[in-house]
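Q: Per mature numbering (1 follows the signal peptide of the UniProt record, and there is no 0): the sequence shown = residues -20 to -1, 1 to 131.
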Amino acid sequence: MRKIVILFILCLCIGNTTLASESNINLIEEKFEWEENEFSIMSNSRDFSFFIRWSVQSSEFEITNTSVTVSGFAEVVDQWGLPVSGYDNHQYEIILRETSFHWRSRTVELTTGQFRETIELPSTGNYKIEIVNKDYLPSNYSLSGNGSVSW
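#1: Is it buried or exposed for E78, if we count other Cβ within 10 angstroms and need 16 for buried?
#2: Just checking, does the segment 71 to 86 make contact with the segment 105 to 114 on the three C-beta pairs under 8 Å criterion?
#3: To the nearest angstrom, report how far apart S25 and W83 are at their CA atoms.
#4: How many Å lie between S122 and F30 at the Cα?
#5: Just grab the DSSP bridge partners of E100 for me.
#6: From what residue to what residue does the beta strand (DSSP E) around D27 run?
#7: Among residues of its own chain, excluding the 5 on either side of G93, which ones have a beta-carbon nearer than 8 Å to its beta-carbon?
#8: Grab the span of the beta strand (DSSP E) containing K11 for me, first residue to last.
#9: Using C-beta distances below 7 Å, list every residue in its chain close to V33, excluding the 5 sequence neighbours before and after it, in chain order.
#10: Does DSSP classify N6 as helix, strand or coil?
#11: CA-CA distance, V64 and S85?
#12: Can you check DSSP and say which residues form a bridge with Y72?
#13: With burial defined as no fewer than 16 other Cβ atoms inside 10 Å of the residue's Cβ, what is the status of G127: buried or exposed?
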């Protein structure tokens, strides 16, 4: 009886350790960060970086022109942040969403690599950038990138 109890406890410990290590892989922090410098606040351009599994959204910012260019680079990386081959056409999208009228948004469909797109917005005003992963990624992979939005 004592051997069965010890064996049972040992199985529980090994099972919990395995689950804990697997769940740590999935606990990747998603983030969107504005790259602030002395010129970015007052200029008509904002630089950003992102790291996602599913989606992320920026803080609100003001766009003073209806013609906007979004450019940058994105790649699939592993849990250590190293680029992974075989994901050259990984799909994601960047959405410029007007904060007062959510239905007034513009979406750019992209694949990994360099991107540069010009978007015509319905109006000037306050917007947020949303970046959404549209394709499957294994649990230890993420989409990492940087870019700028200028008007």
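Every residue gets a Cβ at the ideal spot worked out from N, C-alpha and C, and that includes glycine. Since we're looking at a predicted model, the values are computed, not measured.
A: If we stick to the structure as given:
#1: Working through the sequence shown from its first residue, we reach residue 78 at position 98. Buried, since its Cβ has 16 or more Cβ neighbours within 10 Å.
#2: Yes, they touch.
#3: Residue numbering aside, residue 25 sits at position 45 when the sequence shown is read from its first letter. Residue numbering aside, residue 83 sits at position 103 when the sequence shown is read from its first letter. Straight-line measurement puts the Cα of W83 at about 24 Å from the Cα of S25.
#4: Walking along the sequence shown from the start, residue 122 turns up at place 142. Walking along the sequence shown from the start, residue 30 turns up at place 50. Note on geometry: alpha-carbon atoms of S122 and F30 lie some 10 Å from one another.
#5: As a first step, residue 100 is located in the sequence shown; it is residue number 120 there, counting from the start. Beta-bridge pairing links E100 to S47.
#6: By 1-based counting over the sequence shown, the position of residue 27 is 47. The continuous beta strand (DSSP E) containing D27 extends over residues 25 to 32.
#7: Locating residue 93 in the sequence shown gives position 113, where the first residue counts as 1. Cβ neighbours of G93 within its own chain (closer than 8 Å, five residues either side excluded): F53, A54, E55, D68.
#8: For this step, residue 11 is matched to residue 31 along the sequence shown. From DSSP, the beta strand (DSSP E) with K11 extends over 11 to 15.
#9: Stepping through the sequence shown from its first residue, residue 33 is reached at position 53. The amino acid at residue 33 is misidentified as Val; the sequence shows Arg. Take R33, set aside five residues on each side of it, and the residues of its chain with a beta-carbon closer than 7 Å to its own are I8, E10, N113, L117, S122, in chain order.
#10: What you label residue 6 is simply residue 26 of the sequence shown in a count that begins at 1. At N6, the pLDDT of 44 sits below 50, so the modelled position is not reliable; the number obtained from the coordinates is stated separately. Under the three-state reduction of DSSP output, N6 falls in the helix class.
#11: Against the sequence shown, residue 64 aligns to sequence position 84. Against the sequence shown, residue 85 aligns to sequence position 105. Cα to Cα, the separation comes out at about 31 Å.
#12: Residue 72 sits at position 92 when you count from the first residue of the sequence shown. Looking at the DSSP assignment, Y72 forms a beta bridge with L90, N113.
#13: Numbered from its first residue, the sequence shown carries residue 127 at position 147. Its Cβ being crowded by 16 or more others within 10 Å, G127 is buried.
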